[in-house]
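Notes follow once the structure below has been shown.
Number of protein chains: 2
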Amino acid sequence: MERVPVLKIGDMLLVSIQIDMEDQTALQLQEDLADRIVATGCHGVIIDISALDIVDSFVGRTLAGIASISRVLDAETVVVGMRPAVAITLVELGLSLPGIRTALNVELGMELLARERGADEWQLEVDGDDDTETPAVTTP
Amino acid sequence: MERVPVLKIGDMLLVSIQIDMEDQTALQLQEDLADRIVATGCHGVIIDISALDIVDSFVGRTLAGIASISRVLDAETVVVGMRPAVAITLVELGLSLPGIRTALNVELGMELLARERGADEWQLEVDGDDDTETPAVTTP
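Written as structure tokens, this is what we have:
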């Protein structure tokens with residue numbers, strides 16, 4: 001059985017899918033990714049599918065599964081590198097990859113994750129700060 | 141023919157080799173990489189081989205070819221993620237990958253490239269500076 005490697009780059013994990021996804025490969029990838037998220041504490045997962053000519057419903061489900069697993073482990077998933085032809089076929093097949101965020105390439109995906117993470121942390125700071133009130137809140 | 145994607149991350153290109161290298165795939169990868177180095181102006185190439193169970197003399201030659209092509213295009217190559225068993229087999233086969241630098245994983249490879257690039261630029265600065273002499277140089 002072939003195995004898709006999971007590469008750690010900074011606070012993110014990068015997966016480049018190049019082989020045809022079969023049941024076992026997909027399950028193994030989901031397991032490997034979950035293990036690596038827990039082991040590294042990474043908050044972002046980037047899945048590059050630029051090598052794929054075809055994304056069928058099975059691959060779509062696999063990607064959605066990865067995104068869901070990552071989310072419960074406090075990591076966000078971005079799918080990058082989708083070919084134009086793949087996007088067209090996906091929509092023609094009625095698969096719009098709900099719940100999966102996309103970016104054009106790895107760099108834009110990293111930017112998206114970094115921005116979201118930054119926004120989250122800012123949100124947390126604002127929420128967790130007891131000493132000051134946000135200007136929008138008025139007390140009678 | 142399968143194609144290995146070349147991913148751009150910052151000032152570096154990342155290639156994750158997961159499929160068996162055949163003549164055409166290897167040539168195509170060398171061509172794609174050369175094109176991307178010229179198009180992006182990247183100064184570093186990282187080749188991840190953590191998915192490979194076997195590195196034979198053909199793969200070794202391919203990697204050496206990539207390193208040489210990159211070098212003439214002003215980019216350095218680092219091979220990362222080699223499995224312990226692959227390293228042992230390589231040496232047993234008498235292949236020690238001359239001219240190829242290695243690092244344990246993608247992050248360490250990036251660090252190595254960044255450090256070398258930094259050192260090069262510093263060297264250039266020192267060499268190009270006409271106003272000062274380096275202390276080691278003595279004039280009679």
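So the protein lines, in turn, are chains A and B.
Using this note's numbering, you'd call the opening residue of the first sequence number 1 and step up by one each time.
Using this note's numbering, you'd call the opening residue of the second sequence number 141 and step up by one each time.
All residues carry an ideal CB built from backbone N, CA and C; glycine is no exception.
From a predicted model like this one, the values you see are computed outputs, not experimental measurements.
{"query": "Please go through the same chain and pick out, in chain order, the residues whose beta-carbon is closer than 8 Å to the beta-carbon of E2 (chain A), but skip the five residues on each side of it.", "result": "I19, T25"}
{"query": "Can you tell me where the beta strand (DSSP E) with D48 (chain A) in it begins and where it stops?", "result": "44-48"}
{"query": "Starting from the beta carbon of V45 (chain A), find every residue of chain B whose beta carbon is closer than 7 Å, and list them in chain order.", "result": "Ordered by position in chain B, no residue passes the 7 Å Cβ test against V45 (chain A), which lies about 15 Å from the chain."}
{"query": "For a cutoff of 8 Å on Cβ pairs, would you count A191 (chain B) as touching chain A?", "result": "yes"}
{"query": "Are any of the Cβ atoms in chain A nearer than 8 Å to that of Q158 (chain B)?", "result": "yes"}
{"query": "Would you mind reading off the limits of the alpha helix (DSSP H) that contains S68 (chain A)?", "result": "57-72"}
{"query": "What runs of the beta strand (DSSP E), each 3 residues or longer, lie entirely inside the region 149-183 of chain B?", "result": "152-156"}
{"query": "Exposed or buried, what is G109 (chain A) when buried is set at 16 or more other beta-carbons lying within 10 Å of its beta-carbon?", "result": "buried"}
{"query": "Under a CB-based cut-off of 8 Å, is I149 (chain B) close to chain A?", "result": "yes"}
{"query": "Would you say V226 (chain B) faces chain A, with C-beta separation under 8 Å as the test?", "result": "no"}
{"query": "So is V219 (chain B) in contact with chain C if we call contact Cβ pairs under 8 Å?", "result": "No chain C is part of this structure, whose protein chains are labelled A and B."}
{"query": "Looking only at its chain, what residues have a beta carbon closer than 8 Å to the beta carbon of A246 (chain B), apart from the 5 residues adjacent to it on each side?", "result": "The identity of residue 246 (chain B) in the sequence shown is Val, whereas the question assumes Ala. Within the same chain, V246 (chain B) has close Cβ partners L154, I186, D188, V220, G221."}
{"query": "Could you give the first and the last residue of the continuous alpha helix (DSSP H) run that contains A225 (chain B)?", "result": "224-232"}
{"query": "So, at 7 Å on beta carbons, what are the nonlocal neighbours of V195 (chain B) in its own chain, with the 5 sequence-adjacent residues on each side left out?", "result": "I189, V226, L230"}
{"query": "For E142 (chain B), which three-state DSSP category applies?", "result": "coil"}
{"query": "In the DSSP output, what is E76 (chain A) paired with across the bridge?", "result": "A:G44"}
{"query": "Please go through the same chain and pick out, in chain order, the residues whose beta-carbon is closer than 7 Å to the beta-carbon of F58 (chain A), but skip the five residues on each side of it.", "result": "M21"}
{"query": "Using CA atoms only, rank isn't needed, just tell me which of A:E116, A:I66, A:P84, A:L95 is closest to L104 (chain A).", "result": "A:P84"}
{"query": "If we ignore side chains and look at the alpha-carbon of each, how far apart do D35 (chain A) and V6 (chain A) end up?", "result": "10 Å"}
{"query": "What does a CB cutoff of less than 7 Å around D271 (chain B) pick up in its chain, not counting 5 residues either side in sequence?", "result": "Caution is warranted here: a pLDDT of 49 is assigned to D271 (chain B), below 50, making its placement in the model unreliable, and the coordinate value is therefore given only provisionally. Once the five neighbours on either side are set aside, D271 (chain B) has no close Cβ partner at all."}
{"query": "Since D240 (chain B) and A204 (chain B) should fall inside the 8 Å C-beta cutoff, what is the C-beta to C-beta distance between them, to a whole number of angstroms?", "result": "The sequence shown places Ile at residue 240 (chain B), rather than the Asp named in the question. About 6 Å; that satisfies the 8 Å criterion."}
{"query": "What's the call for G118 (chain A), buried or exposed, on a 16-neighbour Cβ count within 10 Å?", "result": "exposed"}
{"query": "Could you tell me the alpha carbon to alpha carbon distance between Q30 (chain A) and T62 (chain A), rounded to whole angstroms?", "result": "8 Å"}
{"query": "Which bits of chain B does D48 (chain A) rub up against, with CB to CB less than 8 Å?", "result": "P145, L147"}
{"query": "What are the residues of the region 249-263 of chain B that lie near chain A, defined by any Cβ-Cβ distance shorter than 7 Å?", "result": "none"}
{"query": "How would you list, in chain order, the residues of chain B whose beta-carbon sits under 9 Å from the beta-carbon of V106 (chain A)?", "result": "L147, K148, I149, L154"}
{"query": "Would you kindly report the start and end of the unbroken beta strand (DSSP E) that includes A243 (chain B)?", "result": "241-243"}
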